[in-house]
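Per this note's numbering: the sequence shown = residues 2 to 415.
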Amino acid sequence: MRATTLLNRVLKFSGTNITTVEFDGQGPVIATVKLTARKKLSCPHCPFITKAAYDTRWAESTWRHLDLGGTPLVLKMLRRRLRCPEHGVVVQAVPFARPNARFTRDFEDLVAWLVTRADKSSVSAFTRIAWRTVGAICERVVEEQLDDTRFENLVSLGVDEISWKKHHNYLTLISDHETSTILWGAAGKNAATLDKFFTEIGPENTQSIEAVSMDMGAAFIKSVTKNAPDAAICIDPFHCVQLATNALDAVRRAFWQKARELPDQAFAKKYKGNRWALLKNPGKLTDMQDATLKQMEEDGGELWEAYLLKESLREVFAGDLETEDVMGMISQWCDAATASGMAPFMKTGATLRGHMEGIYQAVTRKISNGKHEGLNNKIRTMTRRSYGFHSPEATLALIMLACGPVTTRLPYHK
Ligand SMILES: [Zn+2]
């Protein structure tokens, strides 16, 4: 059997014929291909087809395909240009690769499948491509898979910001509370960032939205009030507890700073090491942290009081209580925070008081971003994995691949 016949039968590309195969024993196997419908030139971005080439130029393109027994396989083809009424002058589309890709669709699907399941170095080592290139592949796969039907009949959404690539680089993410998937994201974290979401989904899709949960920052509240005035603004219990946890951490830090100035340094060390014992949920403590906590209880004082305040707020939300009871307890909690005399808690109490309506809306609807723990963990893993990507778009694409309404399939499982 001839090598071209063999490859045509093995690779099974539709609408594409392998005409010659070259291999010098060292580099990649190079297969020259031709499209079977050679006279029809299609736009890579839309269904437009024409027989008229834009000019007489033939440009050579190559695409890396899945390896042949460990040796890279490269497809080579001469392509023409055409003028699409919508997209202008473009290089003709090929059925086996996405627009602007240097890899075949099968190769990219393999990378997309792998990247949500394996760590960064495994993906790079296995596919022998740079991590940056992985980002660009994720973007292309996601762009092809996502369509606007995911914005239809939305009812209850969560909006949150996450940092990516060290500090001060933020992404705003929208999740669907009903499906626990990420629907949309964009770089930035201000009101204008969230405005883009509402512009994209349009007024008709906005109408069905009944509730949007968020933290207490002004930006998202402003955008939802403006763009979806009928939707209830829900202040996420997860973020309320987080405020109290931050207040506790501030008290602990101040305590530690003071202790550091004392001659007995062992005392200071103790308060440096107790950070996690204080901030973690009691159910998740290690034996050591548990012992630290017991010691702190015996010591008593302001730090222990701060700990109890944080824990009591967490428990208010953790229990399956009636809305009225929860709201009454939060109000009492705010009084206790003010009465504590500890500045960080007094501030938290005042902040919560300013958002009672939003907290009520979240509690009565039983909405919390913290409930999607699996989703949040996945997002965290993906953001860590995306370090080294060149753009927020690539990071977002990776998040959408893993947490969005996107199905990744291996090329041989179609
Ligand atoms: Zn077009």
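We put the beta carbon where it would ideally sit given N, CA and C, even for glycine.
For clarity, every value in this text was computed on a predicted model and none was experimentally measured.
Original post:
Below 8 Å, can you find three or more Cβ-Cβ pairs linking the region 159-168 to the region 106-117?
Top reply: no
Original post:
With distances taken between CB atoms, is the gap from Phe104 to Arg58 smaller than 8 Å?
Top reply: Reading the sequence shown from its first residue, position 103 is the one you call residue 104. Reading the sequence shown from its first residue, position 57 is the one you call residue 58. No, they are not a contact pair.
Original post:
If you draw a straight line from the alpha carbon of Val30 to that of Val90, how long is it in whole angstroms?
Top reply: Taking the sequence shown and counting its residues from 1, the one referred to as residue 30 is at position 29. Taking the sequence shown and counting its residues from 1, the one referred to as residue 90 is at position 89. About 31 Å.
Original post:
What's the gap between the Cα of Ile234 and the Cα of Lys197?
Top reply: Locating residue 234 in the sequence shown gives position 233, counting from the first residue. Locating residue 197 in the sequence shown gives position 196, counting from the first residue. When rounded, the distance between both Cα atoms is 18 Å.
Original post:
With respect to 7 Å, is the separation between the Cβ of Glu87 and the closest non-hydrogen atom of ligand 1 below this value?
Top reply: Start at 1 with the first residue of the sequence shown, and residue 87 comes out as number 86. For ligand 1, at least one heavy atom lies less than 7 Å from the Cβ of Glu87.
Subject >> Chain-order list of residues whose beta-carbon lies under 8 Å from that of Lys52 (same chain, five-residue window excluded) >> reply: Here residue 52 is taken as the residue at index 51 of the sequence shown, counted from 1. Once the five neighbours on either side are set aside, the close Cβ partners of Lys52 are Lys40, Lys41, Leu42.
Original post:
Taking 7 Å as the cut-off, does the CB of His46 come closer than this to any heavy atom belonging to ligand 1?
Top reply: Here residue 46 refers to the residue found at position 45 when the sequence shown is read from its first residue. Yes, since a heavy atom of ligand 1 falls inside the 7 Å radius drawn around the Cβ of His46.
Original post:
Pick from Lys13, Ala188, Val142, Ser157: whose alpha carbon is nearest that of Ser181?
Top reply: Taking the first residue of the sequence shown as position 1, residue 181 is located at position 180. Closest option to Ser181, Cα to Cα, is Ser157.
Subject >> Proximity to Ile360 [Cα-Cα], best of Asp326, Phe390, Thr382, Met347 >> reply: Your numbering for residue 360 matches position 359 in the sequence shown. The shortest C-alpha separation from Ile360 is found at Asp326.
Original post:
Out of curiosity, what's the CA-to-CA distance linking Phe199 and Leu174?
Top reply: Locating residue 199 in the sequence shown gives position 198, counting from the first residue. Locating residue 174 in the sequence shown gives position 173, counting from the first residue. If you take the alpha carbons of Phe199 and Leu174, they lie about 13 Å apart.
Original post:
Buried or exposed: which applies to Gly405, given that a residue is buried once 16 or more other Cβ atoms fall within 10 Å of its Cβ?
Top reply: Start at 1 with the first residue of the sequence shown, and residue 405 comes out as number 404. Buried: at least 16 other Cβ atoms inside 10 Å.
Original post:
Buried or exposed: Trp277, going by 16 or more other Cβ atoms within 10 Å of its Cβ?
Top reply: Along the sequence shown, read from residue 1 onward, the residue named residue 277 stands at position 276. By the 10 Å Cβ count, Trp277 comes out exposed.
Original post:
If Val92 sits next to Met78, beta carbons under 8 Å apart, how far is it from one beta carbon to the other, in whole angstroms?
Top reply: Taking the first residue of the sequence shown as 1, we reach residue 92 at position 91. Taking the first residue of the sequence shown as 1, we reach residue 78 at position 77. So it is not a contact: roughly 11 Å between Cβ atoms.
**OP:** Leaving aside the five residues before and after Lys223 along the sequence, list all residues of the same chain whose C-beta is less than 7 Å from its C-beta, in chain order.
**Re:** As a first step, residue 223 is located in the sequence shown; it is residue number 222 there, counting from the start. Around Lys223: Ala192.
**OP:** State the start and end residues of the unbroken beta strand (DSSP E) segment that holds Leu141.
**Re:** Taking the first residue of the sequence shown as position 1, residue 141 is located at position 140. It should be pointed out that residue 141 corresponds to Arg in this sequence rather than to Leu. From DSSP, Arg141 is part of no beta strand (DSSP E) but of the alpha helix (DSSP H) over 132-146.
Original post:
What is the rounded straight-line gap between the Cα of Thr382 and the Cα of Leu172?
Top reply: Taking the first residue of the sequence shown as 1, we reach residue 382 at position 381. Taking the first residue of the sequence shown as 1, we reach residue 172 at position 171. Going by the C-alpha atoms only, they are around 15 Å apart.
**OP:** Evaluate the contact criterion for the region 235-247 versus the region 355-372: three or more CB pairs, one atom per stretch, below 8 Å.
**Re:** At 8 Å Cβ cutoff, the stretches touch.
Original post:
At which residue ranges does the region 163-191 contain complete beta strand (DSSP E) runs of 3 or more residues, listed in the order of the chain?
Top reply: Counting whole runs of 3 or more residues, the region 163-191 contains the beta strand (DSSP E) stretches 171-177, 182-188.
Subject >> Straight-line Cα distance separating Leu263 from Gln296 >> reply: Here residue 296 refers to the residue found at position 295 when the sequence shown is read from its first residue. Here residue 263 refers to the residue found at position 262 when the sequence shown is read from its first residue. Looking at the two C-alpha atoms, the distance is approximately 20 Å.
Original post:
Measuring from the CB of Val91, is there a heavy atom of ligand 2 at a distance below 7 Å?
Top reply: Among the ligands present in this structure, namely ligand 1, ligand 2 is not found.
**OP:** Let me know if Val317 comes out buried or exposed under the rule of 16 or more other beta-carbons within 10 Å of its beta-carbon.
**Re:** The residue given as residue 317 occupies position 316 in the sequence shown. That one is buried.
Subject >> Separation of Tyr413 from Ser125, as counted between CA atoms >> reply: Taking the sequence shown and counting its residues from 1, one reaches residue 125 at position 124. Taking the sequence shown and counting its residues from 1, one reaches residue 413 at position 412. So the alpha carbons of these two residues sit roughly 21 Å apart.
Original post:
Any heavy atom of ligand 1 closer than 7 Å to the Cβ of Phe239?
Top reply: Counting from one through the sequence shown, the residue named residue 239 turns up at place 238. No.
Original post:
Comparing alpha-carbon positions, which option in Asn18, Ile368, Asp107 lies nearest Gly159?
Top reply: What you label residue 159 is simply residue 158 of the sequence shown in a count that begins at 1. Of the candidates Asn18, Ile368, Asp107, the residue whose Cα lies closest to the Cα of Gly159 is Ile368.
Subject >> Neighbourhood of Glu153 by C-beta distance below 7 Å, restricted to the same chain and skipping five residues each side >> reply: Taking the first residue of the sequence shown as position 1, residue 153 is located at position 152. Closer than 7 Å at Cβ, skipping near neighbours: Asn206.
**OP:** Can you tell me which of the three DSSP states Met2 falls into?
**Re:** Sequence index remark: in the sequence shown, residue 2 carries index 1 (1-based). Correct three-state label for Met2: coil.
Original post:
What are the uninterrupted segments assigned as alpha helix (DSSP H) that are 4 or more residues long and contained completely in the region 315-346, given in chain order?
Top reply: 324-340
Original post:
Straight-line CA distance for Glu179 to Leu155?
Top reply: Numbered from 1 along the sequence shown, position 178 holds the residue referred to as residue 179. Numbered from 1 along the sequence shown, position 154 holds the residue referred to as residue 155. Straight-line Cα distance between these residues: approximately 9 Å.
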